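Engineer:
Here it is, written out as structure tokens:
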């Protein structure tokens, strides 16, 4: 059953029914790309590009999106695009920003702002590219980094990453008789980015496309570093059916597993309301083969953890204050 | 850029394998991957565009009357549009049917 | 004409890059390159060059940021050494494959372990096959000249490749040497404004770093190889231009007193100057000895080598790196291989010298020549002066 049908009220509140009609029809990431059927990440990129518009340069970490979009001699991109390697998307993006800034200042390119946007999967961002990301964000480049987190190394065959949820089965953390899947909790990279004192950090998912696109637009406007952690379903890696791709993001929100919020200069705000009584995590877990082995006890542990994290987030939403006035002054 | 025969020789390959034809991936048709295709019932369609926004291929287009249809050259048959269409105006039908 | 100054060579290399008005520098400091990093940032912060200096968090990111910046069409300089160069190794072949003319100043240093900050060539040698043009400088003047030449060579539309300028750590980087610093106006005349082949900008959309399937990968590699091999023509042309304008001559292999030599030493880098003195002394003793100095390591100057060894019966190749488990030092195996199909070729012997900052004296070079002349090398190669 479609979750939108089950809970039409929340949909109407949170997703203006006709909003899709107002979205730019221009496509910067075109069909013909080789992503799997129902790929949440390809959808997220398509939406991100619409929100960014043409004055953008994309830096892509090695990963699914690079592979499926850039088979020489063709490209799915209608934006300037560069891919270098797996761990350095943020570093390359910072160089793109520095290059464009210098060339513009020196009058060697047209005098208008081109946004450098670096992207990567959870592996390229949270693991192997983590240092480069931290460095680029800390240095204060005028750039946006978007992590498309599908919670495992999908490109290489569904191996665990630090984005993989607790107990999920992956090919390097299988659901064995002795060890039932991934043994540690998912790393919260959005929080780590908040700790970098970025002007703008947000979580997003293409299941709430207008929310996601608004966040991309907001991040684009920031004169400085910004970060979006975009949660994307991977039907192939999650062992879920392709048509439930959008529903997964919605259930992740409604269960509180992946809340949608933004942090502007340290001030937290929920951007999509979650029903007072959150859905049980089981609703989210049950449609995915990677969680099929979970026992009721294990599901209860996950539920407890989600409850604790939800409360912690609510405290931040309630009590955090904007420290915009304390932003580090940036030189020329 | 002039069209080159594929596969290119080493003399023809672009320096750095750069590609100067934005969006040229559309030359490849992913429609052949499809097992099921979406069919719209315009009587039920409320023209909200939810199918359009959620399509990972970006292959659902609005016609002049505001209804939607998929470009079957690219539609991989994932079924997201049918699943998300809450007025249930889209059904997935088997390709061979 | 430029001014003659006394200047630390590391600083002089940064000054040379400044004369080229780089747009972006992305550098991570490492001994003995640190003065290059510091001085480049000084130049930018003092406003002497209008550029962005990126204080990257690692060498991997230094070269990655350099690639990103070069992708936008900026003139980019970076610098590193030893472990830093090895840390960049993932990105080195990508920079050349993407045909981005980045210039990298390398302060050559030994590779760990044991950790050792002093000079040899074991950092650049494992990186020799990554598709970069490699210059080796003998002295501070060459470092300055080659840094400026590097931009002109790399940016040439017939080349479009990154270039590294190798200078020995400490032996060069930390030496104060008399250097003729070209005037800005002279460099402006020599080095045209950089017009990139392609640039990341929405006004002319390009995808860079695409996926090469098996049906095109070999062709892509061949096209890069041909570009590198053919770049020697441009290198020689640029060196001719340099000689015409600045009066200092550069050749892929520089010969010293080899006209009637039976035996020749071969060096790369700053030890060439010590070897010259050894040649002079041996000549005074009546030994018919000369010296070959390799200035262009990649692309390897095969034809020039063949010309340079005419008449030489014993060639004493010195290496400053080991190819563990291999046939000898990397320079040695290159030279032997290059001469294999020559009908008349010299006997080639190999000394591995100056590892990790070990000093090699004039007497040392003389000793090597004397022993090689007697055919006194029992092993395929000898680590010169090693105890035990």
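Chains as they are written, first to last, in my numbering: chain A, 44 to 375; chain B, 94 to 190; chain C, 83 to 470. Glycine included, C-beta positions come from ideal geometry on N, C-alpha and C. Please read all numbers here as calculations on a predicted model, not as lab measurements.
Checking 8 angstroms against the spacing of the C-beta atoms, do residue 126 (chain A) and residue 190 (chain A) come in under that value?
Structural biologist: no
Engineer: On a Cα-Cα basis, can you pick out the residue from C:448, C:344 and C:375 that is closest to residue 427 (chain C)?
Structural biologist: Nearest option by C-alpha distance: C:344.
Engineer: Classify residue 65 (chain A): buried if its beta carbon has 16 or more other beta carbons within 10 angstroms, exposed otherwise.
Structural biologist: exposed
Engineer: Which residue spans inside the region 403 to 435 of chain C form an unbroken beta strand (DSSP E) run of at least 3?
Structural biologist: 429 to 434
Engineer: Taking residue 61 (chain A) as the reference, which of A:253, A:297 and A:263 has the closest Cα?
Structural biologist: Residue A:253 is the option with its Cα nearest to residue 61 (chain A).
Engineer: Please classify residue 143 (chain B) as buried or exposed, where buried requires at least 16 other C-beta atoms within 10 Å of its C-beta.
Structural biologist: buried
Engineer: Just the chain A side, please: which residues come within less than 8 angstroms of residue 146 (chain C) by C-beta, in chain order?
Structural biologist: 127, 128, 131, 134, 135, 138 and 175
Engineer: Taking 8 angstroms as the CB-CB limit, is residue 161 (chain C) close to chain A?
Structural biologist: Any Cβ of chain A closer than 8 angstroms to the Cβ of residue 161 (chain C) would place that residue at the interface, and such an atom is absent.
Engineer: Using 8 angstroms as the cut-off, can you tell me whether the region 189 to 205 of chain C makes contact with the region 427 to 446 of chain C, which would need three or more C-beta pairs spanning the two stretches below that distance?
Structural biologist: yes
Engineer: How should residue 375 (chain A) be labelled, buried or exposed, when 16 other C-beta atoms within 10 angstroms of its C-beta is the threshold for buried?
Structural biologist: Residue confidence is low: residue 375 (chain A) scores 42 on pLDDT, short of 50, so the model does not pin down where it sits. Its coordinate-derived value is still stated next. Exposed, by the Cβ-count rule.
Engineer: Who does residue 369 (chain C) pair with in a DSSP beta bridge?
Structural biologist: Residue 369 (chain C) pairs with nothing; no bridge assigned.
Engineer: Count the other C-beta atoms from every protein chain shown that fall within 10 angstroms of the C-beta of residue 154 (chain C), then say buried if there are 16 or more, exposed otherwise.
Structural biologist: So residue 154 (chain C) counts as buried.
Engineer: By the 10 Å Cβ neighbour count, where 16 or more other Cβ atoms means buried, how is residue 250 (chain C) classified, buried or exposed?
Structural biologist: buried
Engineer: Which chain B residues are close to residue 181 (chain C), counting only those with a beta carbon under 7 angstroms from its beta carbon?
Structural biologist: 108 and 109
Engineer: How is residue 469 (chain C) classed by DSSP in three states: helix, strand or coil?
Structural biologist: For residue 469 (chain C), the three-state secondary structure derived from DSSP is coil.
Engineer: Measure from the alpha carbon of residue 324 (chain C) to the alpha carbon of each residue in C:236, C:104, C:271 and C:86, then state which is nearest.
Structural biologist: C:271
Engineer: Looking only at its chain, what residues have a beta carbon closer than 7 angstroms to the beta carbon of residue 175 (chain B), apart from the 5 residues adjacent to it on each side?
Structural biologist: So the qualifying residues of the chain are 131, 183, 184 and 185.
Engineer: Residues of chain C with CB closer than 7 angstroms to the CB of residue 118 (chain A), please, in chain order.
Structural biologist: 289 and 292
Engineer: Establish whether the CB of residue 130 (chain B) and some CB of chain A are separated by less than 8 angstroms.
Structural biologist: no
Engineer: Helix, strand or coil, according to DSSP, for residue 222 (chain C) in the structure here?
Structural biologist: In this structure, residue 222 (chain C) counts as helix in the three-state DSSP scheme.
Engineer: Measure the alpha-carbon distance for residue 56 (chain A) versus residue 296 (chain A) and round it to whole angstroms.
Structural biologist: Interpretation of residue 56 (chain A) is limited by its pLDDT of 47, a score under 50 that renders its predicted location unreliable; the figure taken from the coordinates is listed afterwards. Straight-line Cα distance between these residues: approximately 15 angstroms.
Engineer: Return the chain-ordered ranges of every beta strand (DSSP E) run that is complete within the region 111 to 140 of chain A and spans a minimum of 3 residues.
Structural biologist: List check, beta strand (DSSP E) in window: 124 to 126.
Engineer: For a quick check, are the C-beta atoms of residue 269 (chain C) and residue 236 (chain C) less than 8 angstroms apart?
Structural biologist: Result no, Cβ atoms of residue 269 (chain C) and residue 236 (chain C) do not sit closer than 8 angstroms.
Engineer: Which residues in chain F sit within 7 angstroms of residue 121 (chain A), going by Cβ to Cβ distance?
Structural biologist: No chain F is part of this structure, whose protein chains are labelled A, B and C.
Engineer: Measure from the alpha carbon of residue 360 (chain A) to the alpha carbon of each residue in A:294, A:183 and A:311, then state which is nearest.
Structural biologist: A:311
Engineer: Between the region 185 to 204 of chain A and the region 161 to 168 of chain A, do three or more beta carbon pairs fall short of 8 angstroms?
Structural biologist: Yes, since at least three Cβ pairs between the region 185 to 204 of chain A and the region 161 to 168 of chain A fall closer than 8 angstroms, the two stretches touch.
Engineer: Opposite residue 78 (chain A) in the DSSP bridges: which residues?
Structural biologist: Partner(s): none; residue 78 (chain A) has no beta bridge.
Engineer: Quick one: is residue 469 (chain C) buried, meaning 16 or more other Cβ sit within 10 Å of its Cβ, or exposed?
Structural biologist: exposed
Engineer: Indicate whether at least one CB of chain C lies closer than 8 angstroms to the CB of residue 94 (chain B).
Structural biologist: Summary for residue 94 (chain B): the model assigns pLDDT 49, below 50, so the residue's position carries little reliability; its value from the coordinates is reported in the next sentence. So, not an interface residue.
Engineer: Below 8 angstroms CB to CB, which residues in the same chain sit around residue 179 (chain A) once its five sequence neighbours on both sides are set aside?
Structural biologist: 133, 134, 136, 137, 161, 186, 188 and 268
Engineer: Spell out a yes or no on whether the region 200 to 220 of chain A and the region 238 to 251 of chain A are touching, meaning 3 or more CB-CB pairs, one atom from each, closer than 8 angstroms.
Structural biologist: no
Engineer: Counting only the same chain and skipping the five closest in sequence on each side, list residues whose C-beta sits under 6 angstroms from that of residue 464 (chain C).
Structural biologist: 433
Engineer: Taking the C-alpha atoms as reference points, what is the distance between residue 217 (chain A) and residue 331 (chain A)?
Structural biologist: Taking the straight line joining both Cα atoms gives about 14 angstroms.
Engineer: Do residue 244 (chain C) and residue 310 (chain C) have their C-beta atoms closer together than 8 angstroms?
Structural biologist: no
Engineer: Counting only C-beta atoms, is residue 115 (chain B) closer than 8 angstroms to chain C at any point?
Structural biologist: yes
Engineer: Using a Cβ-Cβ cutoff of less than 6 angstroms, which residues in the same chain neighbour residue 232 (chain C) once the five nearest sequence positions on both sides are dropped?
Structural biologist: Answer for residue 232 (chain C): 185, 245 and 247, listed in chain order.
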